[in-house]
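Take the sequence shown: its letter number 156 is residue 156 in UniProt numbering, and every next letter is one higher.
Notes follow once the structure below has been shown.
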Amino acid sequence: MSFSQKAKDEAAKLMITDEDTSLAELMAYVRYVSSISFISGKVAVSFRVQKAALARRIFTVIRNLYDTDLDVGISKMTQLKKMNIYTIVLNDTDIVMQMFKDTRMEGFLDVNKVPRAIKESDDMRRSYLRAAFLAVGSITNPERGYHLEMLFESEFEANEVKDLMNVYGLGAKYVMRKGNYITYLKGAEEISDFLTVIGAMRAVLSFENIRVVKDVRNNANRRTNCETANIQKTVDASTRQVADIEYIDEMIGLDALDADLKELAILRLNNRDASLAELGRLMEPELGKSGVNHRLKKLAELAENLRINEEN
């Protein structure tokens, strides 16, 4: 099971505490995963979802609020690996109309607008965001990257949910993609905070554990890469320096050098893997890295001048 689905399953099993938070969840389900049908003057509403945990959650929320019978069906999709589709249908017109009234959708006007109660109540806002995530959300496996998104049909919906998320300082944004609007989070801390907001605490712990391991691994890799790069730079520099010194020795001999340059030239030939600092400590008296580097540059300039003279 994916990390995203584990987080959803946990959120879908959280205790339903009171009528207000139940209504807040139902408002999201009605807006994002329901459809309305009119048959022989009667109104019915259907909820179609792909996960059993979400189907059970919607069923439980409606039964708790209205104590009514619901028709439940399971079918197979012809595409998407023949996944199950769970359908929950409420056929009682009176209950349907009451539900629309309770969820601020009577008359089917302003159906996308999040009710003021959601914006003003922290508990209802958290419940609404939880339901929105269950209905249209997903999280990338944190081992691969940090990305949480919710997919909406309208820009208004995406912007409304973005604003609700940002009450908690999450820095949510939205973007249009392939005709849909995506409200998303990209930062690890923000995703962890969102999971906390919706009450998925086991998912938070799992996410943070993965994040810590990933950060340690990345830091170790960066450190190793840095050390490898530094070693390679030292080897490359040493190879050039040795080549220069050997050329000087061949052309004029090391005895032609000043005493300080001759000492360093011999030390470099005998200590080809040594760093500048290590070469400096071998000298009498000891010399700092900058001093060693300065003398090696003099040797390099001398070798270059000798090569130019030889060519001419």
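We put the CB at the ideal spot given by N, CA and C, even for glycine.
Please state the DSSP three-state secondary structure of L70. Here L70 carries a coil assignment [DSSP, helix/strand/coil].
So, with DSSP's three-state summary, where would you put Y32? Under the three-state reduction of DSSP, Y32 is assigned to helix.
If you scan the UniProt domain "Sporulation regulator WhiA C-terminal" (220-303) from start to end, which runs of the alpha helix (DSSP H) of 4 or more residues do you find wholly inside it? Secondary structure within the UniProt domain "Sporulation regulator WhiA C-terminal" (220-303): the alpha helix (DSSP H) runs of 4 or more consecutive residues, fully enclosed, are 259-270, 276-282 (chain order).
Along the chain, where does the beta strand (DSSP E) containing L185 start, and where does it finish? Residue range 180-185 is occupied by the beta strand (DSSP E) that includes L185.
Which residues share a DSSP beta bridge with E149? BP columns for E149 point to S138, Y184.
Quick check on N91: does DSSP put it in helix, strand or coil? Assignment of N91 by DSSP, reduced to helix, strand and coil, places it in the coil class.
Would G199 pass as an interface residue toward chain C - the criterion being a Cβ-Cβ separation below 8 Å? The structure shown has no chain C; it contains just one protein chain.
So K13 is in the beta strand (DSSP E); what residue range does that whole segment cover? Unbroken run through K13: none, as it is neither H nor E.
Burial state of E190 (16 or more Cβ within 10 Å): Using a 10 angstroms sphere on the CB of E190, the tally of other CB atoms reaches 16 or more, which defines it as buried.
Is L26 closer than 8 Å to T140 when the C-beta atoms are compared? Not a contact, by the Cβ cut-off of 8 Å.
Compare the C-alpha of E208 against each of E143, Q50, G280, L65 and name the closest. Per the Cα distances, E143.
Tell me which same chain residues have a C-beta within less than 8 Å of the C-beta of S192, skipping the five on either side of it? Taken in chain order, the residues that qualify are V204, F207, E208, R211.
Measure the CB-CB distance between F59 and I88 and report whether it falls below 8 Å. Result yes, Cβ atoms of F59 and I88 sit closer than 8 Å.
Spatial distance of S238 from L287 (CA atoms): Cα to Cα, S238 sits roughly 18 Å from L287.
Counting pairs of Cβ atoms below 8 Å between the stretch 124-141 and the stretch 30-48, do you hit three or more? Output reads yes: the stretch 30-48 touches the stretch 124-141.
Applying the criterion that 16 or more other CB atoms from any shown protein chain within 10 Å of the CB defines a buried residue, is A220 buried or exposed? Taking all protein chains in view, the Cβ of A220 is surrounded by fewer than 16 other Cβ atoms within 10 Å, so the residue is classified as exposed.
With 16 as the cutoff for other CB atoms within 10 Å, does Q241 come out buried or exposed? Buried, since its Cβ has 16 or more Cβ neighbours within 10 Å.
Cross-strand partners of V49 (DSSP beta bridge): Bridge partners of V49: Y86.
Proximity winner among L195, D69, E120, relative to D94 (alpha-carbon distances): The alpha carbon of D94 has as its nearest neighbour, out of L195, D69, E120, the alpha carbon of D69.
In this structure, how does DSSP classify M77 when only helix, strand and coil are distinguished? If DSSP states are grouped into helix, strand and coil, M77 belongs with coil.
Should K13 be labelled buried (16 or more other beta-carbon atoms within 10 Å of its own) or exposed? K13 should be labelled exposed.
Beta bridge counterpart(s) of I39 as assigned by DSSP: Its beta-bridge partners are K42.
Outcome for T183 when other beta-carbon atoms lying within 10 angstroms are tallied against a minimum of 16: It counts as buried.
Can you confirm whether the stretch 36-50 touches the stretch 156-175 when touching is taken to mean that 3 or more C-beta pairs between the two stretches lie within less than 8 Å? No, they do not touch.
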